[in-house]
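Those letters in the sequence shown? Residues 35 to 331, by the numbering used here. Glycine residues also receive a C-beta, built at the ideal position from the N, C-alpha and C atoms. In this text, all values refer to a predicted model and were calculated from it rather than measured experimentally. Have a look at the structure below before the remarks.
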Amino acid sequence: MSLIDRPLSRRRFLALASTLAVSGAFEAKAADANLRVATFDWAILETLLALGANLVAGTELLQFRDVAVTPAVPSSVADLGLRGTPNFEALRDARLDLVFNSSFYAWADDRIRLIAPVESHSIYIAGKSPYELAEQMTLAIGDRLGLASGRALVDGLSDKLTVYRSRFAKGDHRPILPINLGDARHFRAFGSDSMFGEVFARTGLTNAWPDLTSYSATAPVGIERLASMTDAWIVLIPPHPADAYAELQASAFWNALPPVRDGRVLVLGSINPYGALPAAMRFADLLAEGLSHGWNS
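Written out as structure tokens, the structure reads:
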């Protein structure tokens, strides 16, 4: 009797079944990593890019490149137009397997489902930590797509913030005020419940803005409010109107502020204020570089 004709023993049957199950699971995970995905939400967009997902479409990509800067968007990714009025025909043409959406764009879910399945993740929810929700989202997307890079991103950023915490402990221990200019007379402030505020908490820095801000920032705040924060570092986070900072620098009020007189103003590169872990990492890196120069000058 040949091996082919020999009846399977229970042990051989279970061993073969186990081998086929492992093989099938591996093939399914590999296939998931190749799913053609898209999103309207920039926090999800930057996460998909950071994870190396097979991203084929996103919204407002030219502006995303200017505001978020990193991760880089490949030229192969199709632009779906405005986040508020996306091009559903272009979405259909992208031949998608899956669309990741958030509560900001939940109004579009029913229309998206006519084109591809939808999975929703939100990280800006009143009363909840955006950093923790971003971690959960990153891991969930990584698992869904079979990408180990999800865990690597979560752990890598956590390790980096621990290093920065040790470095910042050697600084001047002044509070830091993270703001974005609306114009030369108004700004929006990022409180402890913003992604930037979460980075402060994880690196041992003190946020000079005393209030919760809900959904990332409070605006508009009159520039005169800065007069009550004489001991702080002012950290300007673009993007802001092109002429706003130039006009502010010409203001007698601005130049009379103690942080300005004492050189305690940092202007960072542009960062997505409603970002996920990649935005948190970019903010931490730029802040660490700026404070290092500021403290040593």
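Q. Among N289, W267, T237, which one has its Cα closest to the Cα of W243?
A. The residue given as residue 243 occupies position 209 in the sequence shown. Looking at the Cα atoms, W267 is the closest of the given residues.
**Q.** Selected residue, minimal CA-CA separation from A160, among D113, S226, N68, R219
**A.** Counting from 1 along the sequence shown, the entry for residue 160 is found at position 126. Among D113, S226, N68, R219, the Cα nearest to that of A160 is on S226.
(Q) Within 10 Å of its beta-carbon, does S136 have 16 or more other beta-carbons around it, so buried, or fewer, so exposed? (A) Position 102 of the sequence shown, counted from the first residue, corresponds to residue 136. Buried: at least 16 other Cβ atoms inside 10 Å.
Q) Run through DSSP, which three-state label would I149 get? A) On the sequence shown, residue 149 is found 115 positions in, with the first residue counted as 1. The answer is coil: DSSP assigns I149 none of H, G, I, E or B.
Q: Specify the secondary structure class of V56 as computed by DSSP and reduced to three states.
A: What you label residue 56 is simply residue 22 of the sequence shown in a count that begins at 1. Residue confidence for V56 is low, a pLDDT of 38 falling below 50, so the modelled location carries little weight; the figure read from the coordinates is stated next. It is helical.
Q.
By the three-class DSSP mapping on this structure, what secondary structure does D296 have?
A. On the sequence shown, position 262 is the one that residue 296 refers to. Of the three classes helix, strand and coil, the one that applies to D296 here is coil, per DSSP.
**Q.** Cross-strand partners of H220 (DSSP beta bridge)
**A.** By 1-based counting over the sequence shown, the position of residue 220 is 186. The partner list for H220 (beta bridge, DSSP) reads D217, G256.
Q) Just to confirm, are A223 and L211 a CB contact at a threshold of 9 Å? A) As a working mapping, residue 223 is identified with position 189 in the sequence shown. As a working mapping, residue 211 is identified with position 177 in the sequence shown. Taking 9 Å as the Cβ cut-off, A223 and L211 qualify as a contacting pair.
(Q) Using the three-state DSSP reduction, which class does S200 fall into: helix, strand or coil? (A) Here the question's residue 200 lines up with position 166 in the sequence shown. In the structure shown, S200 sits in a helix (DSSP, three-state: H, G or I).
Q.
Please return the same chain residues whose Cβ sits closer than 7 Å to the Cβ of L239, not counting the five positions on each side in sequence.
A. As a working mapping, residue 239 is identified with position 205 in the sequence shown. Cβ neighbours of L239 beyond the five flanking positions: F202, I210.
Q.
Tell me which residues share the same chain as P41 and place their Cβ nearer than 7 Å to its Cβ, disregarding the 5 neighbours each side in the sequence.
A. Working through the sequence shown from its first residue, we reach residue 41 at position 7. Low per-residue confidence applies at P41: pLDDT is 46, beneath 50, and the placement is therefore not dependable enough to give any value.
Q) Going along the chain, which residues of its own chain have a beta-carbon closer than 6 Å to the beta-carbon of V133, five neighbours each way excluded? A) Start at 1 with the first residue of the sequence shown, and residue 133 comes out as number 99. Excluding sequence neighbours, V133 sits near A72, I146, A150, V152.
Q.
Suppose the cutoff is 7 Å on Cβ atoms and the five residues either side in sequence are ignored; what does the same chain contact list for L191 look like?
A. Here residue 191 refers to the residue found at position 157 of the sequence shown. L311, A314, M315, listed in sequence order.
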